[in-house]
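Q: Numbering (the numbering used here), first residue to last: 9 to 890. Glycine is no exception: its CB is placed at the ideal position from the N, C-alpha and C atoms. I have a structure here, written as structure tokens, and I will follow up with some questions on it.
And the structure:
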């Protein structure tokens with residue numbers, strides 16, 4: 009076995025669960041089973057290499073310069089990748105080159121910009137449970153964000169859905185926790201992982217760690233050591249043991265996966281999920297916050313409609329705000345003040361947005377500086393961005409700027425960092441570090457002297473060929489270079505007789521001779537030595553500059569965060585101006601009054617002036633449940649969703665699409681919209697509908713906003729109607745609820761509830777009929793509807809004409825008086841089920857007659873006669889009782 013084979017096996021044994029990319033010269037090679045896997049997943053050639061007497065092992069490799077593209081494919085397919093580098097220069101090493109793993113790349117520990125989504129965070133999270141409580145920690149190592157929370161277990165899954173982590177760390181054990189979809193014993197949906205295991209649940213890769221990693225004492229020690237502090241009280245998490253354990257597990261994992269340095273993490277932020285509106289997965293999906301439609305297209309999402317940000321940092325911040333609406337009135341008013349600051353002044357807004365275009369992703373550049381992976385050009389982008397923040401601060405000054413003074417203070421400049429980059433880095437750095445084109449001239453006298461000497465030597469060598477041709481008269485003479493002999497003068501065989509006496513022979517060729525002269529060797533030595541020293545000094549200086557910039561990390565991070573906030577405020581103002589949004593009036597009352605509200609995405613899709621706005625008035629004290637009836641395709645679903653979206657926009661700090669809006673803050677928005685099943689768990693469409701409805705009824709509070717669309721349509725008509733009515737009654741009557749609700753339905757019988765429930769109001773979508781054609785007016789008006797126009801919609805959808813015509817015939821039969829006793833074709837009578845009494849009309853003549861009977865005093869003959877009479881009435885409802 010060769011030494012390099014033994015070296016590889018030692019490293020592979022230390023990382024058995026990762027695919028090891030082993031650096032050999034200009035390639036990263038894989039061996040054995042890893043080679044077969046890499047060949048299959050990356051579609052590269054599988055070869056073999058001799059690595060000992062009679063030992064040939066499978067091998068597959070990728071070029072080192074193309075590592076990122078191949079790494080991205082492996083990570084997307086769920087693989088862990090250990091990158092094994094050469095730790096010494098092979099040219100300067102004697103014997104085996106030292107190698108070791110410098111990083112283990114996993115979905116949650118990616119640093120490479122090509123592998124990251126620009127406007128979204130890449131979170132690594134950790135979860136630890138104890139009874140009904142969970143500890144949650146998450147970190148984005150590309151930006152340094154590090155946060156923890158301790159929360160009730162029922163809030164954990166919505167919080168994970170908000171964070172959308174790329175990887176979740178959990179303690180290893182025989183049973184998976186309930187929140188990942190099982191029942192504590194590992195039951196539930198399972199998705200094969202890259203190693204044949206089961207790390208995927210709810211779409212997230214799970215990484216199971218040794219339970220000792222979550223030890224409280226070890227976690228405390230890790231946090232104190234990382235931040236160089238004596239107590240966790242400074243972070244406010246001393247009394248949150250589960251949160252501390254989760255955070256400690258993350259630090260331990262980062263230490264295992266990132267070997268060559270200490271990653272920069274911001275101060276640990278402790279937050280409470282109770283401070284924000286919790287949005288469950290169905291609400292995010294139904295309101296189409298981040299993806300829209302059945303194909304989950306981002307283009308028509310609410311995020312896309314609002315995202316006019318100019319920086320990647322602002323785009324990520326807007327995404328976080330949209331997924332975490334506020335519940336604090338004071339902070340919301342502060343956000344609205346800042347949006348209004350840019351909304352009311354077009355010049356101020358334009359200056360801010362043009363300045364923001366000059367600000368690069370300061371957060372991730374800073375992260376790569378401290379990770380040692382930053383590119384020289386990124387330092388110039390950093391300097392340009394830091395300079396731009398000074399101009400950005402100017403847009404927060406002037407008349408009426410008092411409400412945004414808090415933001416101006418966060419944009420205090422960092423001149424030392426700007427000066428350092430200006431003095432140290434060339435204005436247009438090119439090539440890689442060490443080639444002499446990165447450090448600015450004048451920053452290092454020693455480097456400048458070496459570069460001057462190198463230029464002189466290269467100049468002499470470059471001019472030597474012309475001088476020697478002229479001196480010797482040999483026109484074919486040439487000066488060349490190879491790595492074995494260095495620089496040489498080559499003369500063809502036919503001209504050897506003209507060779508000068510001072511030429512020293514170095515190599516004989518078939519067609520000539522190669523020579524050197526003492527002066528050439530002197531300049532060769534000068535050029536090569538200068539090149540080595542330039543490489544060494546420039547790399548050292550670049551590392552020093554990055555280290556000094558790391559000392560300004562706090563100021564750079566502060567400016568990055570403030571720039572992102574300004575970006576979001578100015579973007580929301582720009583969207584508000586372009587699309588005629590208004591500032592909502594917020595309060596702690598329990599009323600929602602919106603005048604001429606519009607759906608921000610649908611309105612833009614239809615085009616200017618097409619969308620029909622509508623009002624909504626909801627109040628816990630008055631109209632707390634609105635039942636909306638009307639035709640298919642007329643806009644019921646759009647109306648109820650736009651109300652929820654307007655409330656949500658108001659509670660992230662945005663202006664809203666309406667003429668006026670008064671919003672009493674809501675603590676939760678619940679939605680039950682659409683039909684879907686879950687085949688992986690064997691849950692039918694109707695079961696999913698009932699589970700989601702149950703979650704709403706069990707979790708909503710009087711301050712919640714509930715959006716229900718077509719409850720009960722997944723089962724038979726009477727079952728569905730019964731459930732829909734009981735849901736409305738429960739929402740209205742239960743003292744724990746009484747919340748504001750919008751209920752869209754085709755069960756027109758439900759409109760009668762407004763006569764018995766004081767908090768229920770009926771509205772419908774107006775329709776005009778012209779010569780047999782239906783025109784949807786999309787206007788919400790008071791009162792209920794008695795038709796759904798479903799056959800019209802079927803016709804619009806393009807059903808075959810024969811199907812549509814037959815549907816009209818059947819509908820006419822069913823709507824004919826007494827049709828309830830006949831089958832669909834008008835033939836013989838159907839079974840007794842068709843004689844079932846309508847649910848919500850207790851005062852039927854037959855019922856009244858039965859209730860009026862004086863049964864104890866009826867003779868048998870009178871009873872038989874009365875039964876005969878009742879039977880006749882049931883068969884012929886139009887006949888009157890005698």
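Would you decide whether residue 712 is buried or exposed? Buried here means 16 or more other CB atoms lie within 10 Å of its CB.
A: Result: buried.
Q: Does the distance from the C-beta atom of residue 368 to that of residue 400 stay below 9 Å?
A: Not closer than 9 Å, so no.
Q: To the nearest angstrom, report how far apart residue 746 and residue 300 are at their CA atoms.
A: Their Cα atoms are separated by approximately 31 Å.
Q: Closest to residue 627 by C-alpha separation, out of 722, 557, 740, would be which residue?
A: It is 740.
Q: Based on the DSSP output, what are the partners of residue 48 in its beta bridges?
A: Beta-bridge pairing links residue 48 to no other residue.
Q: If you measure between the beta carbons of residue 181 and residue 254, is that distance less than 9 Å?
A: Cβ atoms of residue 181 and residue 254: not closer than 9 Å.
Q: Between the beta-carbon of residue 635 and the beta-carbon of residue 762, is there less than 9 Å?
A: Cβ atoms of residue 635 and residue 762: closer than 9 Å.
Q: For residue 511 and residue 469, which I take to be in contact (beta-carbon distance under 8 Å), what is that distance rounded to the nearest angstrom?
A: Actually they do not touch by this definition, with Cβ atoms about 16 Å apart.
Q: For residue 306, which of helix, strand or coil comes out of DSSP?
A: Three-state DSSP puts residue 306 in a helix.
Q: Report the start-end ranges of each alpha helix (DSSP H) in the stretch 297-370 that is 4 residues or longer and not cut off at the edges.
A: As far as the stretch 297-370 is concerned, its whole alpha helix (DSSP H) runs of at least 4 residues are 310-314, 320-331, 337-351, 354-364.
Q: Is it the case that the Cβ atoms of residue 462 and residue 528 are separated by a distance below 9 Å?
A: It is not a contact, given that the beta carbons lie outside the stated cut-off.
Q: At 3 residues or longer, what runs of the beta strand (DSSP E) sit wholly inside the stretch 49-77?
A: Complete beta strand (DSSP E) runs here, min 3: 55-58, 64-71.
Q: Assess, as a yes-or-no matter, whether the stretch 63-77 is touched by the stretch 30-50 under the definition of 3 or more beta carbon pairs within less than 8 Å.
A: The stretch 30-50 is in contact with the stretch 63-77.
Q: Can you tell me the Cα-Cα spacing of residue 44 and residue 678, whole angstroms?
A: Cα-Cα distance, rounded: 49 Å.
Q: What did DSSP end up calling residue 786 once you bin it into helix, strand or coil?
A: Three-state result, residue 786: strand.
Q: Would DSSP call residue 467 helix, strand or coil?
A: Note: residue 467 maps to helix in three-state DSSP.
Q: Who are the Cβ neighbours of residue 532 in its own chain at under 6 Å, not counting the five residues just before and after it?
A: 494, 495.
Q: To the nearest angstrom, how far is the alpha carbon of residue 778 from that of residue 818?
A: Their Cα atoms are separated by approximately 22 Å.
Q: Does the stretch 427-446 come into contact with the stretch 543-556, if we say contact requires no fewer than three beta-carbon pairs (one atom in each stretch) closer than 8 Å?
A: Short answer: they touch.
Q: Can you check whether the CB of residue 433 is closer than 9 Å to the CB of residue 387?
A: Yes.
Q: Looking at C-beta atoms only, is the number of pairs between the stretch 785-800 and the stretch 638-658 that lie closer than 8 Å three or more?
A: Touching, per the Cβ criterion.
Q: Provide the residue span of the alpha helix (DSSP H) that contains residue 529, from first to last.
A: Per DSSP, residue 529 belongs to the alpha helix (DSSP H) from 526-558.
Q: Which complete alpha helix (DSSP H) runs does the stretch 409-436 hold, if anything under 4 residues is left out?
A: Qualifying alpha helix (DSSP H) stretches, in chain order: 413-418, 423-432.
Q: Alpha helix (DSSP H) containing residue 577: first to last residue?
A: Here the alpha helix (DSSP H) through residue 577 covers 561-587.
Q: Classify residue 559: buried if its beta carbon has 16 or more other beta carbons within 10 angstroms, exposed otherwise.
A: Per the 10 Å Cβ criterion, exposed.
Q: Would you check if there are 3 or more beta carbon pairs closer than 8 Å linking the stretch 548-557 to the stretch 374-385?
A: Contact holds: three or more Cβ-Cβ distances are below 8 Å.
Q: Less than 8 Å between C-beta atoms, sequence neighbours within five positions excluded: which residues of the same chain meet that for residue 504?
A: Only 520, 521 meet the Cβ criterion.
Q: Assign residue 600 to one of three DSSP states: helix, strand, or coil.
A: Here residue 600 sits in strand by DSSP.
Q: Less than 9 Å between the C-beta atoms of residue 109 and residue 94, yes or no?
A: For residue 109 and residue 94, no; Cβs fall outside 9 Å.
Q: Mapping the DSSP letters down to three states, classify residue 770 as helix, strand or coil.
A: The answer is strand: DSSP assigns residue 770 an E or B state.
Q: Using C-beta distances below 7 Å, list every residue in its chain close to residue 500, excluding the 5 sequence neighbours before and after it, in chain order.
A: Answer for residue 500: 484, 519, 520, listed in chain order.
Q: Just the C-alpha distance for residue 565 and residue 603, rounded to the nearest angstrom, thanks.
A: Each residue's Cα considered, the two are about 42 Å apart.
Q: How many angstroms separate the CA atom of residue 322 from the CA atom of residue 306?
A: Whole-angstrom Cα-Cα distance: 17 Å.
Q: Nearest to residue 298 by alpha carbon, out of 523, 287, 311?
A: Nearest C-alpha to residue 298: 311.
Q: If you draw a straight line from the alpha carbon of residue 801 to that of residue 785, how long is it in whole angstroms?
A: Each residue's alpha carbon lies about 14 Å from the other.
Q: With DSSP as the reference, label residue 134 as helix, strand or coil.
A: If DSSP states are grouped into helix, strand and coil, residue 134 belongs with the strands.
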